Every structure is written in C-alpha cells, then in structure tokens.
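Everything on this sheet refers to the single structure shown next.
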Amino acid sequence: MKRLLPNRSTQTRVSHLDHPLGEVRVQRKSIRHLYLRLDPADGSLRVNAPRRVSDRAVQAFVTSRAGWIEEQRRKLASRPPVITEGQLPDRLHLFGEAHALVWQDDSTPRGRVRREPGTIHVRSAGGEQAQALLREHCRREFRGVLDHRVPHWADHMALPRPETRIRRMRSRWGTCNIQARRIWLNLELVRLPVEAIDLVIVHELAHLIERRHNARFYGVMDDAYPDWRRWESTLTEYGIIGL
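Those letters in the sequence shown? Residues 6 to 248, by the working numbering.
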C-alpha cells in the first residue's frame, strides 16, 4: 500500500500571546473562523485560528469575548466536581442530575456502590479503593447509555455501527479514528444530560461522513440532530472542553 506523506497544509502551528485576560495558546489551522475555549483544568485561554490571521486580530477577538470569558470562568469555579485522584467529593452529577455521595467504611476486600434516587453510597476501605469503585460505577453507567445511544444514532445517520471506547481525556469530549471507524468518548460525559451526550456522539459520527469542520459537516449535524446547538452550551457549562 502506498504510504501517504503528511500534507503540510493540514499541519498546525502553536504559539502563545500575552493578553490582559491571561496567556492565550493559539493553534493555527486550515479553518475559516476563530474559535475560543477555556481549558477545563485552569481556565486558561485556547484559540483556534485560520493560518493567516494576525496576532493582533487574535488579541482583538479575545478582548471582544471578555464578558463571556469571565462568565465561563465563574461557571468553571462552581462546576460539579470531577472525579479526580486523591479527592472524595460530597456530590456528583450523573446524566445531569445531582447526587449526594455517601462514603462508608467497609472492611471487605471488594467494596460496593449502590445508587438510589439522589444518592450514591460507596462502601469501601477508603482512599484509592473508594475512588476506583466510583469511577468504575460511572464507567458502567456510561457504557450502558452508549450501548444504546451510539447504535441509535448510527442507524439514524445510515452509518455502520462503529466501535466505541471510553477513556478520560483532558481537552476533548470525543475523538474519531476515521480509518478504524472507532470513536472514543470522554468518561466525564457521564456527568452531562443524555441530550448533550447525544451531541458528542453525533459530532463524532459526522466525522465518518465528513472529516473536516466545514459546511458539509455542519449540514450533516443539522440533518441528524437539529437541536444540537442548544446543547452545545451545556458542554461549555459542565467542562469547557472542545469537540
């Protein structure tokens, strides 16, 4: 099989700009518009820009979004807690619904998780076992939803059902391996309403039809899930992670 060399026009360039609102990481790509997002870890600024847009234009774009940036940083500061190492949060959002977390000591080797309306009980020896039990519970719950929603949307879009995998990602809700027809979805999506999860699923499936984020791609999105823009703001509110 002939090996394809990388096309320089598809490669990206990364630079950093100083701005009163903080350092801006700029990634220049073969796109038509400027896009701004915040890193969910620390609220830092990330901009995707067309290749020929100047640094001055990028800075002006960030300035024009100052109000939005401050609003998103406030939401980020008060967002539902993420399941992270070394922390035992007192609440967790599961499919958009808040649940109190009740941590209970249990000397048995395996421990267990029990979910009831509004509450999740985690019985464990504490520490790392408690974290692992909760994460595994969330993964099972998420897998159960994906096993239903991914086939639903693939059939709706007249696509072969792709392989679907779950992993934790810092800066993406999902990714798509077009050649392998495989999509990866971020475990943190388990915190969001199912309608927002549907948006990410449809987005990744749309890449199996159109690789680029162009008019055809968004036409596929509109045809498959006309209400997707409504749920885009929910992704921002819960984590400010890119697609």
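All residues carry an ideal CB built from backbone N, CA and C; glycine is no exception.
Here the structure is a predicted model, which means the values were calculated and not measured.
With C-beta atoms as the reference, is residue i less than 8 angstroms away from residue j?
| i | j | result |
| --- | --- | --- |
| L50 | R30 | yes |
| I183 | R216 | yes |
| K69 | R56 | Just to set this straight, residue 69 is Ser in the shown sequence, not Lys. Not closer than 8 angstroms, so no. |
| W158 | L204 | no |
| P167 | R186 | yes |
| V118 | H142 | yes |
| T169 | L197 | no |
| T239 | Q77 | no |
| R115 | H104 | no |
| Y40 | V52 | yes |
| V67 | H38 | no |
| L106 | P94 | yes |
| I171 | R148 | yes |
For residue i, count the other beta carbons within 10 Å of its own beta carbon; 16 or more makes it buried, fewer makes it exposed. Which is it?
| i | result |
| --- | --- |
| W73 | exposed |
| D110 | exposed |
| E90 | Annotation note: pLDDT 45 at E90 (below 50); position unreliable, no value reported. |
| V63 | buried |
| P11 | Only weak support is given to the placement of P11: the predicted model assigns it a pLDDT of 42, under 50, and the value that follows is read from those uncertain coordinates. P11 is exposed by the Cβ-count criterion. |
| G179 | buried |
| N191 | buried |
| Y243 | buried |
| E209 | buried |
| A220 | exposed |
| V127 | buried |
| S20 | exposed |
| A54 | buried |
| A163 | exposed |
| A65 | exposed |
| A137 | exposed |
| A71 | exposed |
| L9 | For L9, the pLDDT reaches just 38, beneath the cut-off of 50, and the residue's location in the model is therefore unreliable, although a value from the coordinates is still provided. So L9 ends up on the exposed side. |
Quick one: give me the first and last residue of the beta strand (DSSP E) that residue i is part of.
| i | result |
| --- | --- |
| E168 | 168-172 |
| Y40 | 40-43 |
| V63 | It is not in any beta strand (DSSP E) - V63 instead sits in the alpha helix (DSSP H) that spans 60-69. |
| S20 | 18-22 |
| R51 | 50-55 |
| E121 | 117-121 |
| A103 | 102-110 |
| S129 | 124-129 |
| L99 | 96-99 |
| R33 | 29-34 |
Looking only at C-alpha atoms, which of the options sits nearest to residue i?
| i | options | result |
| --- | --- | --- |
| F222 | Y230, H212, P231 | H212 |
| M226 | V207, R235, E237 | V207 |
| M174 | D60, K80, L194 | L194 |
| P165 | I171, I188, G149 | I188 |
| R61 | H98, H38, L81, L22 | L22 |
| G132 | P122, R144, W108, F147 | W108 |
| L99 | I125, R79, K80 | I125 |
| P122 | A135, Q134, E102, A130 | E102 |
| R79 | G48, P25, P94 | G48 |
| E146 | R177, S129, I202 | I202 |
Taking the continuous alpha helix (DSSP H) assigned at residue i, which residues delimit it?
| i | result |
| --- | --- |
| Y243 | 233-243 |
| A229 | 220-229 |
For the ligand MN, I want to know if residue i counts as a neighbour, meaning its beta carbon is within less than 7 angstroms of at least one of the ligand's heavy atoms.
| i | result |
| --- | --- |
| L43 | Summarising the ligand content, the structure contains no ligands, and the ligand MN is consequently not present. |
Examine chain D for any beta-carbon lying closer than 8 angstroms to the beta-carbon of residue i, and answer yes or no.
| i | result |
| --- | --- |
| A54 | Absent from the structure is chain D; it holds one protein chain and no more. |
Every unbroken alpha helix (DSSP H) inside the segment 151-216 [4 residues or more]:
199-211
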